[in-house]
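Undergrad:
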Amino acid sequence: MMRKKLIVFTGPTGSGKTEKVIEFSKQNPFIELVNCDTVQIYKYFDIGSAKGKLEDFSPEIGFSIQNDYDLKLSHKAKRYAGTNIPIWAIDYLNPDKQIDVFSFQKLVRNLVLQIWDRGNIPVLVGGSGYYLSAVLFKYEFSKHIINNVTSAAFEAMSVEQLQDEIRKRGIDVNVLNESDRNNPRRLINVLKRGFVRPSEEISQKHFDFDLILTMPSFFDLEKILYERVGKMFKDGLIEECANIKNYWGDRIVPNLRNSSGYRQVFDYLDRGGGVGADIEKLKESVYLSHKRLAKKQIRWFRKYFSKWYSG
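In terms of full-length UniProt numbering, the sequence shown is residues 1 to 311.
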């Protein structure tokens with residue numbers, strides 16, 4: 001589906017996406033922002049995700065959609081302090097609610113269409129490359145993921161039979177390139193996963209978009225991340241995690257509890273906490289976690305997004 005354009009601000013953690021998009025929003029009143037960070041989408045996870053100061057958007061606007069996994073997504077728009085531009089899909093899921101890539105894809109794509117219907121330009125912002133790619137490109141998901149068919153059963157099928165099985169599960173075989181469409185191993189992998197991976201269809205856009213990639217040198221990014229982590233601790237990261245842990249406990253979904261920086265602090269609290277040298281070791285482990293995340297994101301952007309980069 002090639003329609004009106006949207007704009008995408010992305011880049012590794014700490015690269016300045018939020019600051020750039022806030023500045024951009026001040027100069028472009030006819031836009032609406034959509035968060036594509038899979039931690040900032042949750043309530044209460046504020047300091048460790050560098051969510052920024054949010055306020056309720058006024059006048060109040062909202063949405064409610066139902067996806068195929070029965071997760072009802074109801075939300076009122078937020079805005080960054082000092083702006084009057086709505087931002088969606090941020091600070092609205094409770095920590096006990098799982099959102100998978102299929103649900104995220106449907107949510108954001110619906111938001112894009114609604115923003116266009118209001119005559120505005122959608123601006124996606126976030127560094128979760130896999131989830132962002134699922135929105136932008138022709139990812140095909142099936143809710144009929146195979147659980148009971150063995151590999152041997154698949155391997156006994158011809159290429160044509162495998163393609164038919166994929167079609168039965170609502171996946172468009174044509175999003176695969178010609179080589180993959182005729183590769184039994186690739187087809188079997190699609191059936192097992194229930195969706196098409198980016199490497200198999202990343203060249204086909206679902207939306208037309210302009211990509212703005214914030215990518216400082218890694219030397220500069222290391223310094224930014226070190227200072228950023230220090231500020232997180234000054235702002236109360238440990239206290240934030242303690243409050244979340246005390247209220248939500250074991251109900252926190254695993255992908256959130258294990259997200260970069262938060263996992264280290266939750267583990268620290270599980271061990272009973274500490275002072276002095278323990279805090280310094282914790283800061284170092286959080287910094288190294290963010291650094292590893294940045295490296296992983298950079299590899300993703302270079303592999304999948306480099307051909308779409310516009311400035």
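Cβ coordinates follow ideal geometry from the N, Cα and C atoms, glycine included.
How many angstroms separate the CA atom of N182 from the CA atom of N174?
TA: 11 Å
Undergrad: What residues in its chain sit with their C-beta under 7 Å from that of L237, if we drop five residues either side in the sequence?
TA: I47, G48 and V265
Undergrad: Hey, T13 and Q297 are a contact pair by Cβ (cut 8 Å); roughly how many whole angstroms apart?
TA: 7 Å
Undergrad: Between the stretch 22-33 and the stretch 222-242, can you find at least three pairs of beta-carbon atoms closer than 8 Å?
TA: no
Undergrad: From the DSSP output, in three-state form, read off F209 for me.
TA: If DSSP states are grouped into helix, strand and coil, F209 belongs with the strands.
Undergrad: Beta carbon of N120, beta carbon of E32: below 7 Å?
TA: yes
Undergrad: Let me know the secondary structure DSSP gives V34 once reduced to three states.
TA: strand
Undergrad: Relative to the alpha-carbon of Y139, which residue among L124, R185 and H206 has its alpha-carbon at the smallest distance?
TA: H206
Undergrad: Under three-state DSSP, which class holds Y92?
TA: coil
Undergrad: Quick one: residues in its chain with C-beta nearer than 7 Å to the C-beta of D96, no 5 flanking neighbours on either side, listed in chain order?
TA: W248, R251, I252 and V253
Undergrad: Helix, strand or coil: how does DSSP classify Y304 here?
TA: helix
Undergrad: DSSP three-state call for K296: helix, strand or coil?
TA: helix
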